[in-house]
Amino acid sequence: MLAPEVPMSHSVAGEPPSAGRRAAPLTTAVYSATEWDLLISLPGRVLVAVAASGPDRTDRGVLAGLAGLDAVAAGRVFDSDLVRAVVAAIYSRPDGPPPPAERLTDPMDLLAACRAANRVLRRHADPADSAAYRQWVQSVAARVCRAVPGPGERREDQPTTPADRRFLAHLGAALGLG
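At position 161 of the sequence shown (counting the first as 1) the number is 172 in the working numbering, and the numbers step up by one without a gap.
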């Protein structure tokens, strides 16, 4: 069920909201605080896990982090109230103490969080919003994987490494994308 349109003459930036979009999505009300925290923390966890060292991977560094941040920010223009609300929450979230690094980079913990997010979305989200969110999270990982080519490779349009392709396949499965 879609939330009613919120009348608002101007957005926070002082410009009119885009046609057909609410300035303040009401999609967050259906999620518990724990569920909402999972949804807003998952894109960052994916970014950190993919950018970190791992089996068959070297530390991707700043370029990968910037690519991931750009992919997260790209959610601001998605045609999904849920994705836009998550991005807004990410950028409005106060900085707190970071979780332990091993929790952020543990692939098994990350895949379990993706499966949990998929269950939350199946229970609460509109199917289109659910699909958009899951595809957006996958796109964050894919952009980080493509950010730094392997040794001797060109930078443009390079396929990801076999380890990256396996990771993206596992991530997609955990998100219910394939």
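Glycine included, every Cβ here is placed at the ideal spot set by N, Cα and C.
query: Cα separation between residue 126 and residue 171?
result: Computed Cα separation, rounded: 23 Å.
- prompt: Which term fits residue 165, buried or exposed, when burial requires 16 or more other beta carbons within 10 angstroms of its beta carbon?
  reply: Unreliable positioning characterises residue 165 in this predicted model, as indicated by a pLDDT of 48, which lies under 50. The coordinate reading is nonetheless provided below. Classification of residue 165: exposed, given that the 10 Å Cβ count is below 16.
query: For residue 89, which three-state DSSP category applies?
result: Assignment of residue 89 by DSSP, reduced to helix, strand and coil, places it in the coil class.
task: Assign residue 42 to buried or exposed, taking buried as 16 or more other Cβ atoms, counted over all protein chains shown, within 10 Å of its Cβ.
output: Looking at its Cβ environment, which holds 16 or more other Cβ atoms inside 10 Å, residue 42 is buried.
- prompt: For the 8 Å Cβ check, are there 3 or more pairs between the stretch 118 to 133 and the stretch 80 to 87?
  reply: They do not touch, by the three-pair rule.
task: Identify which residue in 55, 120, 72, 174 has its Cα closest to the Cα of residue 148.
output: If we check each option's Cα against that of residue 148, 55 comes out closest.
message: Judging by CA-CA distance, which residue of 98, 85, 119, 140 is the nearest neighbour of residue 154?
response: When each option's Cα is compared against that of residue 154, the closest is 85.
message: Quick check: the Cα distance between residue 141 and residue 179, rounded to an integer number of angstroms?
response: Cα-Cα distance, rounded: 18 Å.
query: First and last residue of the alpha helix (DSSP H) that includes residue 127?
result: Counting along the chain, the unbroken alpha helix (DSSP H) around residue 127 starts and ends at 118 to 135.
task: Kindly give me the distance between the Cβ atoms of residue 152 and residue 73, rounded to whole angstroms, as I take these residues to be in contact under 8 Å.
output: Rounded, the Cβ-Cβ distance is 17 Å, inconsistent with contact.
task: Within the same chain, show all residues whose beta-carbon is closer than 7 Å to that of residue 75, passing over the 5 residues directly before and after it, in chain order.
output: If you ignore the 5 residues before and after residue 75, its C-beta comes within less than 7 Å of the C-beta of 62, 155, 158, 159, all in its own chain and listed in chain order.
- request: From the DSSP output, in three-state form, read off residue 172 for me.
  value: Correct three-state label for residue 172: coil.
message: Please list the terminal residues of the continuous alpha helix (DSSP H) segment that includes residue 150.
response: Segment 138 to 158, the alpha helix (DSSP H) holding residue 150.
query: Could you check where the alpha helix (DSSP H) with residue 45 kicks off and where it finishes?
result: From DSSP, the alpha helix (DSSP H) with residue 45 extends over 44 to 62.
- request: Express the C-alpha separation of residue 188 and residue 176 in angstroms, rounding to a whole number.
  value: Rounded to whole angstroms, the separation of the alpha carbons of residue 188 and residue 176 is 14 Å.
task: Would you mind working out which of 144, 181, 183, 136 sits nearest residue 52, comparing C-alpha positions?
output: Minimum Cα distance to residue 52 is reached at 144.
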